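Heads up: the protein sequence lines correspond to chains V and P, in order.
Per the working numbering, residue 57 is the first one in the first sequence, and the count goes up by one each step.
Per the working numbering, residue 114 is the first one in the second sequence, and the count goes up by one each step.
For reference, the structure discussed in these notes is given below.
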Amino acid sequence: SAVISQKPSRDICQRGTSLTIQCQVDSQVTMMFWYRQQPGQSLTLIATANQGSEATYESGFVIDKFPISRPNLTFSTLTVSNMSPEDSSIYLCSVETGQGGEKLFFGSGTQLSVL
Amino acid sequence: DAKTTQPPSMDCAEGRAANLPCNHSTISGNEYVYWYRQIHSQGPQYIIHGLKNNETNEMASLIITEDRKSSTLILPHATLRDTAVYYCTLTGRSYQKVTFGTGTKLQVIP
């Protein structure tokens with residue numbers, strides 16, 4: 057299993073500013089994933105982050121808007137840049153331990169409101 | 114695009130079995146069926162997974178049809194705490210991204 061600590065748990069931000077979300081895992085993991093969940097919607101994958109390489113972004117998401125860092129095997133950050141009200145969502149960090157079962161473990165999420 | 118389809122919502126009486134269906138008619142041979150649930154305002158939680166055999170754990174049972182084109186998650190004795198959105202997903206080998214469909218919102222009724 058994996059225990060994921062995600063910070064902040066919630067924030068209210070002004071339009072045009074940026075917020076960096078941190079994800080800390082209690083064990084080393086190869087793959088980390090960032091998801092967005094808009095109000096009342098399902099989870100949408102933003103990007104996959106591997107240690108030591110550039111993140112791989114899904115269609116509709118770009119690095120300039122959602123830069124990701126993955127400095128080591130237990131930590132990652134997602135920045136939401138130049139925010140607008142449309143960025144108001146829950147952002148979730150997820151990991152796959154790859155230890156014989158490919159299940160995902162999720163952080164508790166960051167609830168972001170942009171005014 | 115999500116590769117699974119689920120009914121948007123279901124109700125279940127407390128204490129009764131909740132049977133949540135999932136259609137995955139385009140599943141490939143190396144893909145597992147995974148189920149997660151998301152209780153309001155929390156991150157999704159893993160429930161169970163299977164390849165082709167039926168599976169059971171302390172939380173639920175998973176029934177996969179012989180042709181693997183559909184599956185059913187069974188919560189044997191639903192409680193109010195099982196009220197959540199349940200997601201059925203397909204996952205291949207390790208380190209592949211997981212796409213979530215719209216899920217089923219299960220409401221357990223007292």
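Positions of the beta carbon are idealized from the N, C-alpha and C atoms, including for glycine.
Owing to the predicted nature of the structure, the values given are computational and were not obtained by experimental measurement.
Checklist line | Inter-residue Cα distance where the pair is residue 169 (chain P) and residue 186 (chain P) | finding: 10 Å
Next item on the list: Please list the partners that residue 155 (chain P) has in chain V, where partner means a Cβ-to-Cβ separation under 9 Å.
Entry: 162, 164 and 165
Checklist line | Straight-line Cα distance separating residue 169 (chain V) from residue 74 (chain V) | finding: 12 Å
Margin query: By the 9 Å beta-carbon criterion, what residues does the stretch 81-96 of chain V contribute toward chain P?
Written below: 86, 87, 89, 91 and 93
Next item on the list: Starting from residue 161 (chain V), trace the beta strand (DSSP E) both ways and give me its first and last residue.
Entry: 160-162
Checklist line | 8 Å contact criterion, which residue 148 (chain P) and residue 188 (chain P) should meet: CB distance rounded | finding: With 8 Å as the limit, residue 148 (chain P) and residue 188 (chain P) do not qualify as a contact, their Cβ atoms being about 10 Å apart.
Checklist line | Residue of V:98, V:89, V:61 and V:79 minimising C-alpha distance to residue 145 (chain V) | finding: V:98
Note to self: With distance defined between alpha-carbon atoms, name the residue in P:165, P:191, P:211 and P:118 nearest to residue 179 (chain P).
What the structure shows: P:165
Next item on the list: Could you give the DSSP three-state label for residue 168 (chain V): helix, strand or coil?
Entry: strand
Next item on the list: Kindly give me the distance between the Cβ atoms of residue 117 (chain V) and residue 103 (chain V), rounded to whole angstroms, as I take these residues to be in contact under 8 Å.
Entry: 6 Å
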